[in-house]
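In the UniProt record's numbering, the protein residues as written are 1 to 799.
Structure first, commentary second.
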Amino acid sequence: MDDAERWSRIEQLFDDAIDLDAEERGAFLDRACTDPALRAEVEKLLQAAQASSDFLESPADTAARLAPGSVVGDWRVGALLGRGGMGEVYAAERVHRDFSQRAALKLLHRFDSPEARQRFAEERRILGRLEHPGIAHLLDGGEHAGVPFAVMEFVEGTPLTTHARPLPLRSRIGLFLQVCAAVSHAHRHLVVHRDLKPGNILVTADGRVKLLDFGIAKPLDATTTGDVTQVIRASPDYCAPEQLRGEPVSAATDVYALGVILHELLTGRRLWDMRGAALVQTIERLTEGEPPLPSSRTDATLARRLRGDLDSIVLKALRARPEQRYASVEALAADLRAWLDNRPVAARDGTLPYLLGRTIRRHRWWFAAGAAVFAALLVGLAGVLWQAREARIERDLARREAERADAVRQYLMLMFRSAGDQPDGTSITAKSVLDQAAARVHDEFAGDPGAYADIVIALAELYFSLDDYTGARPLLERLLREGSAVPAEQRAMAQHDLAQIEFRNDQQSEAAEMLAAAQSFWNARPQAYREELAMSRLLESQLERIDGNPEQALRTLEQTLPERIALSGENHRETGKLVNNLGIAYYQVGRFDDAIVRFEQASRIWAALGLGRSADALNTLNNWAAAEMRSQRPQAAVPLFERALALRRELYPPSAALAALINNLGKTLTQLGRADEGLPLLREAAALGAEYAGAASVLTVSARLGVADALSASGQTDAAATELDTLSPVLLSTYGETHVLTAMLDLSRARLAKARGDAGEALRHVDRAESRLRELGAGGAPYLPQVEALRQQWTGTPS
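Below, the structure written as structure tokens:
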């Protein structure tokens, strides 16, 4: 029989047997079901339904097994918080410690089955592998009077969908990206959750997501076959079809559940609301039903925003076949970040009209300015190119410019028509269209240098918009080789664009030469080229800073800011970029308070532009936090680091940059006496650093030193010593005896000795660190204040 007939038969047998007592039920199945496999499925459903019934019929007011004030291990028990299928959960507080720590203590049912004990132990093992700020982490575990218990981080929050209900769409997606980061972390550690649902995802008062309940999670390296009885323990509305069919589960199973949750977040309605339905009907509906488009289940205003990309993202996550879903949670998150940034999403078909439309939306400020003829093509405005220049060029040149613009428009239209004529019927990408155009443009416009230059600059800017600077380089280089045949105005713009490419490739001298040539032309008519000159000052200041002249870089930006505001206004993206760079310039000359003022100003600009959750805002937050730290205000730096960390997790996949930010926050918390909060962050930073920068990288070594310092600060001195002993040979073999990191190792050993009460040994390590840093000269000087601070803190006297 096929699947539909099989489920129909299972449902009939289940319905007939559910009301019979145990003896009658066995006799009935002997008569009615001769297929052993079919009977096994029915019996599993009957057992699970009975277990569920037993639990639901338990008196709600049954007394808690642990009285308030009871002690379990190192924990004092508080009020009963709730009961579940596996046991009871109590509020708890750590005892015999110098600090207070709230927690949730889960106690298994006293007479639970060996299977339940095994599941409970598995949950503890899994949580022991996971350390992520988005996952409620395991603090302790053991047995109490022969009954297993686990102690978890205490999370005060509201379910994800409840918290998200009043939020705007972009904020809801931001929350969901936090969920993706936590689930992706679990998958990287080979753990699939299998019970993702809004009730297992809490949001704290400060907007942080916490993933709970790994009670039916499985290691991906185990035999992760499905089990229909787990569907009873889980939530069928959020289960993937393979779970409901009892087939093997994988990371794609969690991707499906995330798709269901995302649908609910976007629409405010459950995708599958099967509450009250018979289990067999539920399974049939969820395995056979086609999910509706999110845009079809909301009001017209919101539907317009969901239609297209977000519809496609949700449906891709909800594909019935696991291999047709996103390959990973990170791939799902990447598409959502692309949507937030108006970039193309992978869930769509990737054809040229879609990709180009997305590119224009992403860079609409630039296209609207007339810098790209591309915009003229797509909206049918043949004169945009010359109209943008009309106010600053002589009238007798306007006709010639218009003719060139029309030539550009006609060429690009031909380019796109040709690209559409693929003999094999395959889709064409924006990149391939640009590559084809770049290969033909020189020959096709050999007799018209002006139009040729316009097209090259337009195509180069399109390559820039696709973050493909390598593709733009040969176009610009060939244009400049044409020499005096190229009109001077286009030659200057090409030189500036090529200077940006050289700078990105760490070719500073070549970048400076190209920039100087462009500025020389613009400076001959500064009133006509105010925008170009202001734009070029950013690159000029960056080159000055890299050339070892930060004071001159600062003066360049200070002189440019009034001009930028006059051109663009206070609240403009170009103004925000300049103000942020001005803050960096102040920072690099040691004027930290002035830097903070500028970073605050830049943050206000991003907020006013609706870019408070953008990459620009993230960079500014990072810079601001660093300036607060250098101003000896770690308390002010912490909320900035936290905001930056939340935003980086939302915008970007895991990376070395994420590890560096987590490392900074963890060390700052430890410095403020909050080592219990800093330690898990530093461990995460060390793990990410090893994965993305290397086990012996500066980043990873720095994070591991931070782990040791946090362990020392929290009284875990043996663990701190083990960490330092393990790290020391790696550090010394990689960096040698005379290096900043080696001095930092001395300071970590000093903190460990002080935590153990050996002040003399601590000061000897401090002296050794100071000696190494002084030997390094200018390279060690910035770190000497740490040595001075420790010595004064411990002895009251300076060196």
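For every residue, glycine included, the Cβ atom is placed at its ideal position computed from N, Cα and C.
If you're wondering where the values come from, they're calculated on a predicted model, not measured in any experiment.
Buried versus exposed, by CB contacts within 10 Å (16 or more), residue i
i, result
"Leu790", "buried"
"Asp35", "exposed"
"Ala685", "buried"
"Gln324", "exposed"
"residue 803", "What is shown of the chain runs 1 to 799, which leaves residue 803 out entirely."
"Val441", "buried"
"Ala511", "buried"
"Asp335", "buried"
"Gly215", "Caution is warranted here: a pLDDT of 48 is assigned to Gly215, below 50, making its placement in the model unreliable, and no coordinate value can be reported."
"Ala700", "Per the sequence presented here, residue 700 reads as Thr, with Ala not at that position. Buried is the call here."
"Glu24", "exposed"
"Val42", "buried"
"Val95", "exposed"
"Asn505", "exposed"
"Ala37", "exposed"
"residue 802", "Nothing about residue 802 can be read from this structure; the chain reaches only from 1 to 799."
"Met413", "Residue confidence for Met413 is low, a pLDDT of 47 falling below 50, so the modelled location carries little weight and cannot support an answer."
"Arg102", "exposed"
Close-in-space but distant-in-sequence residues of the same chain around residue i (CB under 8 Å, 5 per side omitted)
i, result
"Ala781", "Leu773"
"Arg515", "The sequence as given places Leu at residue 515; Arg does not occur at that position. Excluding sequence neighbours, Leu515 sits near Gln495, His496, Ala499, Ser536, Leu539, Glu540 and Leu543."
"Arg648", "Leu618, Ala657, Leu658 and Leu661"
"Arg321", "none"
"Glu551", "Val589"
"Leu763", "Ala750, Arg791, Trp794 and Thr795"
Spatial neighbours of residue i in its chain, beta-carbon cut-off 7 Å, leaving aside the 5 residues before and after
i, result
"Arg643", "Leu621"
"Ala721", "Leu752"
"Gly78", "Pro68, Tyr90, Ala91, Ala92 and Glu93"
"Leu340", "Arg170 and Ile173"
"Leu640", "Leu621, Trp624, Ala625 and Glu628"
"Ile565", "Thr575"
"Asp311", "Leu293, Pro294 and Ser295"
"Arg39", "Leu29 and Cys33"
For residue i, the nearest candidate out of the options (CA to CA)
i, options, result
"Thr253", "Leu293, Leu196 and Arg683", "Leu196"
"Leu462", "Ser432, Thr301 and Ala446", "Ser432"
"Arg683", "Leu672, Val698, Ala693 and Ala659", "Ala659"
"Gln436", "Gln490, Gly450, Pro449 and Ala472", "Ala472"
"Ala769", "Glu677, Thr738, Gly796 and Ala675", "Thr738"
"Gly142", "Leu160, Thr158, Ala121 and Thr162", "Ala121"
"Leu204", "Ser250, Arg245, Pro159 and Glu242", "According to the sequence provided, residue 204 is Thr. The question's Leu does not apply to it. Ranking the options by Cα distance to Thr204, first place goes to Pro159."
"Tyr256", "Val329, Val209 and Gly583", "Val329"
"Asp448", "His263, Pro487, Arg478 and Leu434", "Pro487"
"Val72", "Phe149, Ala37, Ala17 and Ser100", "Phe149"
"Ala492", "Pro474, Ser520 and Gly450", "Ser520"
"Gln508", "Glu489, Ile546 and Asn523", "Ile546"
"Ala331", "Leu705, Arg124 and Ala251", "Ala251"
"Ile584", "Glu600, Glu570, His572 and Arg573", "Glu600"
"Gln716", "Val192, Lys754 and Val698", "Lys754"
"Glu502", "Ala524, Ala485, Arg525 and Leu476", "Leu476"
CB-CB length for residue i against residue j, believed under 8 Å
i, j, result
"Val740", "Gly689", "Not confirmed; about 16 Å, so no contact."
"Val147", "Leu108", "6 Å"
"Ala534", "Leu567", "6 Å"
"residue 801", "Leu679", "The structure shown does not extend to residue 801, since the chain is modelled only from 1 to 799, so the question has no answer here."
"Trp75", "Val155", "In fact, because the Cβ distance is near 16 Å, the residues do not count as touching under 8 Å."
"Val179", "Leu66", "That belief does not hold up - the Cβ atoms of Val179 and Leu66 are roughly 32 Å apart, past 8 Å."
"Val260", "Leu318", "7 Å"
"Leu665", "Leu645", "6 Å"
"Ala743", "Tyr783", "7 Å"
"Ala438", "Leu459", "6 Å"
"Leu747", "His765", "7 Å"
Same chain only: Cβ atoms within 6 Å of residue i, ignoring 5 sequence neighbours per side
i, result
"Ala338", "Val345"
"Ser58", "A caution first: Ser58 carries a pLDDT of 36, below 50, which makes its placement in the model unreliable, though a value can still be read off. Around Ser58: no qualifying Cβ."
"Glu628", "Ala636 and Ala637"
"Leu672", "Pro634"
"Ala713", "Thr670 and Ala675"
"Arg124", "Gly141 and Ala150"
"Gly82", "Val89"
Closer than 9 Å to chain B by CB, residue i
i, result
"Asp213", "Looking for chain B here will not work: only one protein chain is present."
### Query
Are the segment 291-301 and the segment 128-137 in contact at 8 Å, needing three or more beta carbon pairs?
no
### Query
At a cut of 8 Å, does the segment 521-530 reach the segment 539-554 through at least three beta carbon pairs?
no
### Task
Would you check if there are 3 or more beta carbon pairs closer than 8 Å linking the segment 755-764 to the segment 724-733?
no
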